[in-house]
Amino acid sequence: MVDAEKRLLGNALLDIDNQFFVLLSDSCIPLHTFDYIYNYLMGTNVSFIDSFLDPGPHGSGRYSIEMFPEIEHRDFRKGAQWFAITRRHAILIMADNLYYGKFKLYCKVCSPPLMPVMSLLVACIQ
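See below:
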């Protein structure tokens, strides 16, 4: 899933007019009109991601010590794959090989597969 997301972001980043990137599910239900959401996103410089600490076996319990020191246990996050991110954060995701590589090697059971993206963004804003 991360590979597909990165391909989508990479292609969208080719157009310099794209300043915000939204990944939604086909079952997402809008609570406002498209114009309202568009104007809201264009009026902010904040990214919106679902990222949280899950101390259980399906969250940080899957952390592997081989990820240290690049990925610290405190930065290990879980969340949904749907997001709305700024161009700056999309570029960070595309430029990352460290988090993506560490998760791919040492967290094969991580679910959802976008844990490296959430963990990367959390580490970048701390």
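Read in order, the letters of the sequence shown are residues 0 to 125 in numbering that gives the first Met the number 0.
Just so you know, even glycine gets a beta-carbon here, dropped at the ideal spot from N, CA and C.
Rounded straight-line distance, which links the Cα of residue j to that of residue i
i     : j      : result
Asp16 : Arg86  : 10 Å
Arg76 : Cys106 : 12 Å
Thr32 : Asn38  : 10 Å
Exposed unless 16 or more other CB atoms sit within 10 angstroms - verdict on residue i
i     : result
Cys27 : exposed
Ser46 : buried
Ala3  : exposed
Leu40 : buried
Gln18 : exposed
Contact under 8 Å by Cβ, residue i with residue j
i      : j      : result
Arg73  : Val108 : no
Met93  : Gly9   : yes
Leu119 : Ile48  : no
Ala83  : Val21  : yes
Cys123 : Leu97  : no
Presumed contact (8 Å Cβ cut-off) between residue i and residue j, rounded CB distance
i     : j      : result
Ile70 : Lys101 : 5 Å
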